[in-house]
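Residues in the sequence shown are numbered consecutively from 941, following the numbering used here.
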Amino acid sequence: MQDVPIALVGAGHGGKAILQTLLETPGIIVKYVYDLDPEAPGILYAKKRGLTTHNDASFQQIHNDPTLRLVFDVTGQESVFTQLKQLKNDNCNLVGPLATRVIFELLEQKTTIMSKLLEHQQNLEANIVKRTGECELANRNLIDKIQEYEILNEKLQQINNEKTRYLLQATHQLKAPFAAIQSYVDIIIQGFTGTIPDQTMEIMEKVKVRCDLLQRSIKEMLKLANLKSCIEENIKMAPTLISKVMVQVVKEHEVIATCRGIKLIVNLEENEQQVVCSEEQISILFAILVENAINYSHKDGEIIITISPSTHDALFVSIQDHGIGIDPKHHNKIFDEYYRTNCAVNKHENGTGLGMSIAKEIVHLHNFSLSLKSQEGEGATFTISMPTS
Ligand SMILES: Nc1ncnc2c1ncn2[C@@H]1O[C@H](COP(=O)(O)OP(=O)(O)OP(=O)(O)O)[C@@H](O)[C@H]1O
Ligand SMILES: [Mg+2]
């Protein structure tokens, strides 16, 4: 489309504002700008923009130009309007001062609205930047918190596992001394220590009932926990004199063995050998094996405990009994939790079937190995191999 040529008459402040808008309007070309004052703001502005300006009131160019389509009269003078009306060609429209003022007002309003919109937009952008920053910070805080909770949760899990392990081991260790107490009570009640007054007998019967209750509680507690929760890093390893640990364990089991007429024989072929291990754990391991040897031995049986060095930088600890033995088909299974052979159940009613699974875990934690030699009815020999270097 061709540009529409227009002229502006009167270039004061109002004329300048209209000129600015006209110059921004596509499809319009401002051909002439008139004002008697050569310093009028609109004239100066037009010059700056490279437009043709005129400072006379003859309006010759308007008169001579047949292409002109629109003339804005911003002078507000009746005589100028009349003169322009006569001079312009027939195809040219003339916008008088009143119409120009209305247009000017509308332009003013548009400018105000535009500047408000711009301000609003800038505020909005600033708010978005601020909120985005806040969201990012909140997000980072959230991630930090999640990580903190994860670490805490892991620690709690470790503490819980540790607690479970101690509960299990402590409870299992309770069994041996407790069995000794029960044996003593039975001996007294059965009259092996001589006749006792009726009143004492009555009390001993009560002790026996309480012992049975406690026995059941221990069983339940053992069911609650299992050693799988054991955490390797929490076990303190140190060079340990193995023979010393074994002597202590044997001492602790002597009473119950004697009560059952069982003899504990200890052969220390090597008594200075140290092994890096957890003394506490090894003591539990020995106690489990010695206790089993006692429980599954026949009356007046013999248990032989030997500690001997091997040829390959290792120490062998073996516990041999002459009791009920284990059929080879059960050899692997006895290390499973709660597994007991029928013979074992008949021989020793109160077992839980947990001891060997604890023993297996301890052996595994120390990288030891545990072997079993046994036939049913021919006793059993458990041998632990412990590396010494
Ligand atoms: N020296 C042994 N002689 C014969 N059988 C044994 C011997 N040691 C272990 N066993 C068999 O292995 C099973 C598992 O032993 P474990 O010590 O785990 O359980 P338990 O002795 O039955 O009960 P507890 O957990 O109370 O000690 C026993 O029930 C028994 O069948
Ligand atoms: Mg046992």
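Ideal Cβ positions, reconstructed from N, Cα and C, are used throughout, including at glycine. Just so we're clear, the structure is a prediction, and the values are computed from it rather than from any experiment.
| message | Measuring only the C-alpha atoms, how far is Glu-1336 from Asn-1093? | response | Any property of residue 1336 remains undetermined from this structure, which presents the chain solely from 941 to 1329.
| query | Where do the N-terminal and C-terminal ends of the beta strand (DSSP E) with Ser-1329 fall, by residue? | reply | Careful: Ser-1329 lies outside any beta strand (DSSP E) and carries neither H nor E.
| said: Using only the alpha-carbon positions, how far apart do Leu-1010 and Cys-1032 sit? | reply: 5 Å
| task | Using 10 angstroms around the beta-carbon of Pro-1037, count the other beta-carbons present and answer buried if the total reaches 16, otherwise exposed. | result | buried
| task | Could you pull the start and end residues of the beta strand (DSSP E) that Val-1215 belongs to? | result | 1214-1217
| Does the beta carbon of Ala-1120 fall short of 7 Å from some heavy atom of ligand 1? | no
| query | Which whole-angstrom value describes the C-beta separation of Cys-1199 and Ala-1284, a residue pair presumed to lie in contact below a C-beta threshold of 8 Å? | reply | Actually they are not in contact, since the Cβ atoms of Cys-1199 and Ala-1284 sit about 19 Å apart, beyond 8 Å.
| query | Are at least three pairs of beta-carbons, each pair with one atom in the stretch 1049-1064 and one in the stretch 970-986, less than 8 Å apart? | reply | no
| query | Using CA coordinates, which residue listed in Tyr-1236, Glu-1289, Lys-1146, Val-1257 is at the minimum distance from Pro-1327? | reply | Val-1257
| query | Considering only residues of the same chain and omitting the five flanking positions on each side of Ile-1324, which have a CB-CB separation below 6 Å? | reply | Val-1257, Phe-1308, Leu-1310
| Contact test: Ala-1227 Cβ vs ligand 1 heavy atom, cutoff 7 Å | no
| message | If we define contact as Cβ-Cβ less than 8 Å, is Gln-1260 a contact residue for chain D? | response | Here there is only one protein chain, and chain D is not present.
| said: Quick check on the DSSP output: what are the complete beta strand (DSSP E) runs of length 3 or more inside the stretch 1193-1272, in order along the chain? | reply: 1203-1208, 1214-1217, 1242-1249, 1254-1260
| field | Rounded straight-line distance, which links the Cα of His-1252 to that of Lys-1176 | value | 25 Å
| Rounded C-beta distance between Asn-1207 and Thr-1246? I'm assuming under 8 Å. | 4 Å
| query | From this set, Ala-1110, Val-1014, Ala-1320, Thr-965, which residue's C-alpha is nearest Gly-982's C-alpha? | reply | Val-1014
| query | Roughly how many whole angstroms lie between the Cα atoms of His-1306 and Ile-1298? | reply | 13 Å
| request: Would you list the one or two residues that DSSP bridges to Leu-948? | output: Val-973, Phe-1012
| task | Confirm the yes/no value for this check: CB of Asn-1235, any heavy atom of ligand 2, distance under 7 Å. | result | yes
| query | On the premise that Gly-967 lies in contact with Asp-943, defined as a C-beta separation below 8 Å, what is that separation, rounded to the nearest angstrom? | reply | 6 Å
| query | Given that a residue counts as buried once 16 or more other Cβ atoms are within 10 Å of its Cβ, and exposed if not, what is Ile-1171? | reply | Here Ile-1171 scores only 46 on pLDDT, less than 50, and its place in the model should not be relied on; the value that follows carries that caveat. Exposed: under 16 other Cβ atoms inside 10 Å.
| field | Continuous alpha helix (DSSP H) stretch holding Lys-1070: start and end | value | 1037-1129
| message | Let's test the definition: count the other Cβ atoms within 10 Å of the Cβ of Gly-950 and tell me whether it reaches 16, buried, or not, exposed. | response | buried
| task | Please write down, chain order preserved, every residue whose beta carbon lies under 5 Å from a heavy atom of ligand 2. | result | Asn-1232, Gly-1295
| Exposed unless 16 or more other CB atoms sit within 10 angstroms - verdict on Val-1069 | exposed
| said: Under 7 Å: does the beta carbon of Gly-1265 sit that close to some heavy atom of ligand 1? | reply: yes
| query | Whose CA, out of Lys-987, Pro-978, Ala-980, Asp-977, lies closest to the CA of Leu-963? | reply | Lys-987
| query | For Glu-1212, which option in Met-1186, Leu-1153, Met-1141, Glu-1194 has the closest C-alpha, if you only look at C-alpha atoms? | reply | Met-1186
| query | Closest to Gly-1319 by CA distance: which of Met-1141, Ile-1244, Ser-1329 is it? | reply | Ile-1244
| said: Taking 7 Å as the cut-off, is the beta-carbon of Ser-1297 closer than that to any non-hydrogen atom of ligand 1? | reply: yes
| message | So, with DSSP's three-state summary, where would you put Pro-981? | response | helix
| request: Report the partner residues of Lys-987 according to the DSSP bridge assignment. | output: In the DSSP output, where bridge partners are listed per residue, Lys-987 has none listed.
| message | Tell me the rounded alpha-carbon separation between Lys-1148 and Ile-1129. | response | 9 Å
| query | Taking buried to mean at least 16 other C-beta atoms within 10 Å of its own C-beta, is Glu-1076 buried or exposed? | reply | exposed
| Inter-residue Cα distance where the pair is Ala-957 and Ser-1019 | 23 Å
| query | In three-state DSSP terms, what is Lys-1176? | reply | coil
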